[in-house]
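Chains as they are written, first to last, in this note's numbering: chain A, 2 to 199; chain B, 2 to 199; chain C, 2 to 199; chain D, 2 to 199. C-beta: ideal position from N, C-alpha, C; glycine also. One structure is given below, encoded as structure tokens.
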DNA sequence: AATGAATGAGATTTCATTCAT
DNA sequence: TATGAATGAAATCTCATTCAT
């Protein structure tokens, strides 16, 4: 936790130590207990900040949750975009794998953020990780006869988005965790783009 | 509810009108608002029963939820067992499809029960729908070289269990619902037993 | 507890099995948890009787308690009266001892009844064990110059009544109980009629 | 809006007006109605404080009672220790009397605190006023042949502790109160150290 | 900006009591 | 008489939110 002691003053215009502290504490607690399992007082205490300070930064518990989810999604989307960019010329399977590598890598680096974002309150996922791109891709494949005609793109896209994310959550919470490689390869094989191939 | 008094025998030892009423109201409300979105007062009122009556039958909100989940799982498991029995001599794909027909059929007949059981508080699913049988089957296939070796049975089993159930929940809640046929066929194609085939 | 088994039917006009059962259960529970620590439902269940039956016999919890206390006091007073009759020609110390023998004997035979009557809700004692006779006796002794003039009869009488009874309760509840003899002799020595002698 | 920092000092780290107010109100009500006779709402109202404030300071009714008892015992023990120190060179009877003067003096000055601590819920006394010191003293006297051999120190010590305290409670609650002098002298005469002398 | 004591609306829970059978 | 499911008033307790400092 690199804190800027040693300087004369804090250098950045608005350090927002309290804000960051609340975000961090909230992430940790919501990862563990879910949105409905924590309360503002507990979060403030964990952040070593007064309750009042909480309300100075966030309108309520849900605003904090939204901020966490947003941060989680931003980081993830950035990684996914990068993975997409880097792999879009490669084979389909490699593209899928690259996306999963990004997803699992992100989850490994920030497990609490991942769980707070995609854990219990799964509704959060809807806020930002849209199944639409996947749905479009599946529809394309379908039109080109590369996908089994019984696969309905809308259903398959949504189903896989949820599955992906929930599988990673389970994996994070599993006591005897299998290797990230196993997780990535398994989900790759089950990806509709691959699995649904005719 | 035909109050069949005056008959030769009482069919059950205690009428427990309130119990059934609470279970029904709880199912409806939890389907709509989730476990964390309801409170005992509301449930009691909806069941047209005194608050105290709630506590006479259930220790707390969670006990009611457990009772609902149990009822949901019992009905579902029975249907699944039947489907399994009826299809076990048939082709693999037919077996998978039969299971999904049973699942979707159950969800269609008792949508509130299904949503209350598998909705938001997805954790509930763990109480009864074990991924172990599927895991075992995948492991068998793997050993017989029928499954892509990169598929890890434990992960795949859990992933699909969740996907299945959450897809049905989404489907139930979707305003412009696609046909049950589309749902069943799509999930069949994505089932690891089929999708993971080498 | 001589119960009239052996007859074809209960011989007494109203056997009141439920009544006795409630009294017994109430005594046991109130001895353990005190008047405020039990509730009517619990008592009825312990008595293996319906709640409604409780109210058929006792107006409320306090009525039951009163009945218990009354029964306790009746039994005790009878024993004390007997002890008094048998010892009134003997020496003062012997009279005191005889009373304590009766008290402790009663407590030993019916510990729950004793505790329910004189335990926590000490107020009950006031209902029946009056300090007046002792007060009168002390006043007599005082007038005859046999008691230390600083001893105020009213205070001494009440003090000793409480002490006696609470000492026996403690003794009953004490895990490593001393002999009844020790209890009796100690209280005899501390009895104001003896202790206050000049 | 005047930011009142810069004043001399804040006398205590937290003002805790409500805490004191609750302690005071609780003492008054528990003195009158006993622990089982009050409820948190009533206490909060009497303290002119919100219900929530009660729970901010005390986990429940019993925690408040414990705090009251502790406060009662602290004050009392201090006084008793002082009395002991001041009289330990004097005659035995004077020592006993000094202790009683302290006890009764304390009860007179803080009758509610005394009754809340030693009243109905006598169990509280066990929390702090140990009969052990008295027991030890009696044992010494016994060994030196100054005490009647029939007196069992453990029983006598406990008996007298209770008697003392309950006599003072009765005295406080007695409408036509006798003089404190009478109370003190009577209890002095009944004290086992004096009364049990051979 | 930061604080945390104070708040009260509302959720949870208990229990004496009733009443239809 | 006996029953026990049903009841709701009241007690217990939680927590998001405010506000004076």
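Rounded to whole angstroms, the gap between the alpha carbons of residue 76 (chain D) and residue 166 (chain D) is 15 Å.
Each residue's CA atom was taken as its position, placing residue 48 (chain D) and residue 53 (chain C) some 40 Å apart. If you check the CB distance, residue 28 (chain A) and residue 114 (chain A) come in under 7 Å.
Closest in alpha carbon position to residue 143 (chain C), among C:154, C:133, C:134, is C:154.
When secondary structure is reduced to three states using DSSP, residue 182 (chain A) falls in the helix class. If only uninterrupted alpha helix (DSSP H) runs of at least 4 residues are considered, those enclosed by the region 22-89 of chain B are 41-47, 52-58, 62-88. Close CB contacts of residue 150 (chain C) within its chain, under the 6 Å cut and outside five residues either way in sequence, are absent. Residue 130 (chain C) carries a coil assignment under DSSP once its states are collapsed to helix, strand and coil.
Chain-order list of chain D residues neighbouring residue 37 (chain C): 37, by C-beta distance under 8 Å. Around residue 19 (chain B), the same chain offers 48, 50, 54, 57, 58 as residues with beta carbons nearer than 8 Å, after the five sequence neighbours per side are excluded. Within chain D, not a single residue places a beta-carbon under 9 Å from that of residue 65 (chain C); the smallest gap is close to 17 Å. Within chain C, no C-beta atom comes less than 7 Å from the C-beta of residue 44 (chain D); the nearest is roughly 17 Å away. Not flagged as an interface residue toward chain C: residue 28 (chain D), since no C-beta distance is shorter than 7 Å. Counted as a single uninterrupted DSSP element, the alpha helix (DSSP H) harbouring residue 171 (chain A) occupies residues 154-174. Taking a C-beta distance under 7 Å as the contact criterion, residue 193 (chain B) and residue 161 (chain B) qualify as a contact pair. Using beta-carbon distances, residue 94 (chain C) does not count as an interface residue toward chain D, since no partner is under 7 Å.
Between residue 139 (chain D) and residue 157 (chain D), the C-beta spacing is below 7 Å. Here the alpha carbons of residue 198 (chain C) and residue 147 (chain C) stand approximately 6 Å from one another. At a cut-off of 7 Å between beta-carbon atoms, residue 164 (chain D) makes contact with chain C. Our two residues, residue 121 (chain C) and residue 36 (chain C), have alpha carbons roughly 8 Å apart in a direct line. Nearest to residue 32 (chain B) by alpha-carbon distance, out of B:60, B:69, B:64, is B:69. The alpha carbon of residue 190 (chain C) has as its nearest neighbour, out of C:93, C:88, C:80, the alpha carbon of C:93.
For residue 168 (chain C), the chain D residues whose C-beta falls within less than 8 Å of its own C-beta are 156, 159, 160, 163, listed in chain order. When Cβ-Cβ separations below 7 Å define contact, residue 186 (chain B) makes contact with chain A. Closest in C-alpha terms to residue 185 (chain A), from the list A:119, A:96, A:133, A:159, comes A:96. Checking the DSSP bridge columns, you'll see residue 198 (chain D) partnered with D:148. For the C-beta of residue 134 (chain B), not a single chain A residue is nearer than 9 Å; the gap to the nearest is close to 18 Å. Below the 9 Å Cβ cutoff, chain D contributes no neighbours of residue 98 (chain C), its closest Cβ being approximately 10 Å away.
Short of 8 Å from the beta carbon of residue 83 (chain A), and not among the five residues preceding or following it, lie these beta carbons of its own chain, in chain order: 103. Apart from the 5 residues on each side of it in sequence, residue 45 (chain C) sits with its Cβ closer than 6 Å to the Cβ of 52, 55 in its chain, given in chain order.
Beyond the five residues adjoining it in sequence on each side, residue 63 (chain A) comes within less than 8 Å, by CB distance, of 36 in the same chain, given in chain order. Interface annotation, residue 190 (chain C): in contact with chain D, CB-CB separation under 7 Å. DSSP places residue 96 (chain C) inside the alpha helix (DSSP H), whose first and last residues are 93-110. No Cβ of chain A is located within less than 7 Å of the beta carbon of residue 58 (chain B).
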